[in-house]
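Quick note on the working numbering: the sequence shown kicks off at 299 and runs consecutively.
I have placed the structure first, in the form of structure tokens, so that the comments after it can refer back to it.
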Amino acid sequence: MKKKNQRKVVRYNKWGYIFLIPFVVIYLIFQFYPLLTTFYNSFFENYRSGLTQIGPNFIGLENYKTLFSNGELLTYTKNTFIMWIMGFVPQILLALILGAWFSDPSLRLKGQRFFKTVIYLPNLIMASAFAMLFFTLFSDGGPINALLLDLGIIQERIKFMSHVGSTRALVASMNTLMWFGNTTILLMAGMMGIDTELFEAAQVDGAKPTQIFFRITLPLLRPILVYTLITSLIGGVQMFDVPQILTNGSGNPVRSTMTLIMYLNKHLYSRNYGLGGALSVLLFILTAALSLLVFRITTKKED
299 MKKKNQRKVV RYNKWGYIFL IPFVVIYLIF QFYPLLTTFY NSFFENYRSG
349 LTQIGPNFIG LENYKTLFSN GELLTYTKNT FIMWIMGFVP QILLALILGA
399 WFSDPSLRLK GQRFFKTVIY LPNLIMASAF AMLFFTLFSD GGPINALLLD
449 LGIIQERIKF MSHVGSTRAL VASMNTLMWF GNTTILLMAG MMGIDTELFE
499 AAQVDGAKPT QIFFRITLPL LRPILVYTLI TSLIGGVQMF DVPQILTNGS
549 GNPVRSTMTL IMYLNKHLYS RNYGLGGALS VLLFILTAAL SLLVFRITTK
599 KED
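Spelled out as structure tokens, the structure:
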């Protein structure tokens, strides 16, 4: 009997492996192989100068030395993280407030499904459409300037795209509007999964709503908060479409909105595959290191 049962288990396992074959094949072809070729290209001089193709010539770590020596990498890394922080902080605060509001059974809010759908809708809009909308609204001759002039709030048109702070604020605002709905749904799911008896016991003991939120809700939301932080961090490092369209790929004013992926795109557009590969490898290492650091800081070891 035991041998028959073991044979059945082996047969079922065989079908499981068979069903995994398409995923493994697609992963190897479209993800693992490009990753290996990126590492490979990062050690070669391979670019086009006019109509002349230079390389590929093996140069070792020279591409990495070039990236660290010109100072642009540090500047664009700083730009990326500044705009990510400016967008993530209001995003997580808004998501926590809305999540606590909608998941509170004592409020008995009506039309919750409608409001949840409306909150999530911006996440379905393409980033390019959002960027074009904001570009039109906040241009020198756009509706925002016209409205402010008509109301007498300003005397001259504000050049939103010509100031570092306002341009970065627009990029951060778009990222907040696009992603706060998704973050709200995640946090709200976590809040609804918390045992309501904990809240009832705290209320019986005389705990205030703020104490319940900071002493019970937030600690129990730690896994979801860590997941949200890591995924948002990875998305922030990969920030591209919004600043690319809003600034027409220039990263102006004074390259203050030039992100790491925009910098990578310039190397690929100029067909400098060596530097592009080296920068891709650095981005991979940076993302992995930051994700591991955030995970280690925000989680505690279980006894």
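Glycine is no exception: its CB is placed at the ideal position from the N, C-alpha and C atoms.
None of these values were measured; they are calculated from a predicted model.
Evaluate residue i with the Cβ neighbour count: other Cβ atoms within 10 Å of its Cβ, from every protein chain shown; 16 or more gives buried, anything less gives exposed.
i: valine 469; result: buried
i: threonine 515; result: buried
i: tyrosine 567; result: exposed
i: asparagine 311; result: exposed
i: phenylalanine 530; result: Correcting the residue type first, residue 530 is serine in the shown sequence and not phenylalanine. It counts as buried.
i: leucine 562; result: buried
i: tyrosine 571; result: buried
Report all residues from its chain with a CB closer than 8 Å to the CB of residue i; omit the five preceding and five following residues, and keep chain order.
i: proline 403; result: Thr494
i: leucine 485; result: Ala393, Leu394, Gly397, Leu519, Ile522, Leu523, Thr526
i: phenylalanine 413; result: Phe400, Leu407
If residue i and residue j are in contact, beta carbons under 8 Å, what's the gap, nearest whole angstrom?
i: phenylalanine 400; j: leucine 407; result: 7 Å
i: methionine 476; j: glycine 397; result: Contact doesn't hold; Cβ gap of about 17 Å is too wide.
i: valine 579; j: serine 340; result: 5 Å
i: leucine 527; j: valine 592; result: 6 Å
i: serine 589; j: isoleucine 510; result: That belief does not hold up - the Cβ atoms of serine 589 and isoleucine 510 are roughly 31 Å apart, past 8 Å.
i: phenylalanine 478; j: glutamine 389; result: 5 Å
i: arginine 466; j: methionine 537; result: The Cβ separation is near 11 Å, so there is no contact.
i: isoleucine 483; j: tyrosine 418; result: 6 Å
i: arginine 411; j: arginine 569; result: So it is not a contact: roughly 50 Å between Cβ atoms.
Output the distance between the C-alpha atoms of residue i and residue j, rounded to the nearest integer angstrom.
i: phenylalanine 337; j: serine 460; result: 38 Å
i: phenylalanine 379; j: valine 535; result: 7 Å
i: phenylalanine 321; j: leucine 435; result: 44 Å
i: arginine 455; j: leucine 573; result: 41 Å
i: asparagine 344; j: threonine 585; result: 25 Å
i: lysine 599; j: proline 354; result: Low per-residue confidence applies at lysine 599: pLDDT is 49, beneath 50, and the placement is therefore not dependable enough to give any value.
i: leucine 359; j: isoleucine 452; result: 54 Å
i: leucine 447; j: asparagine 421; result: 32 Å
i: isoleucine 595; j: asparagine 377; result: 24 Å
i: serine 437; j: methionine 430; result: 10 Å
i: phenylalanine 497; j: leucine 405; result: 14 Å
i: threonine 335; j: arginine 553; result: 30 Å
i: glycine 491; j: serine 548; result: 46 Å
i: phenylalanine 328; j: leucine 318; result: 16 Å
i: glycine 450; j: alanine 444; result: 10 Å
i: threonine 364; j: threonine 375; result: 16 Å
i: proline 551; j: alanine 487; result: 40 Å
i: alanine 587; j: phenylalanine 512; result: 29 Å
i: phenylalanine 342; j: tyrosine 325; result: 25 Å
i: glutamine 501; j: valine 416; result: 32 Å
i: valine 387; j: proline 517; result: 18 Å
i: glycine 314; j: alanine 505; result: 51 Å
i: glycine 369; j: glycine 348; result: 25 Å
Are the CB atoms of residue i and residue j nearer to each other than 7 Å?
i: alanine 427; j: aspartate 539; result: no
i: methionine 556; j: glutamine 542; result: no
i: threonine 481; j: glycine 385; result: no
i: alanine 576; j: tyrosine 362; result: yes
i: phenylalanine 433; j: methionine 472; result: no
To which residues of the same chain is residue i closer than 6 Å at the C-beta, ignoring the five residues directly before and after it?
i: threonine 545; result: Thr555
i: phenylalanine 458; result: Phe436, Ser464
i: threonine 373; result: none
Using a Cβ-Cβ cutoff of less than 7 Å, which residues in the same chain neighbour residue i once the five nearest sequence positions on both sides are dropped?
i: leucine 558; result: Tyr374, Thr375, Thr378, Val535, Leu581
i: glycine 440; result: Thr434
i: leucine 371; result: Leu365
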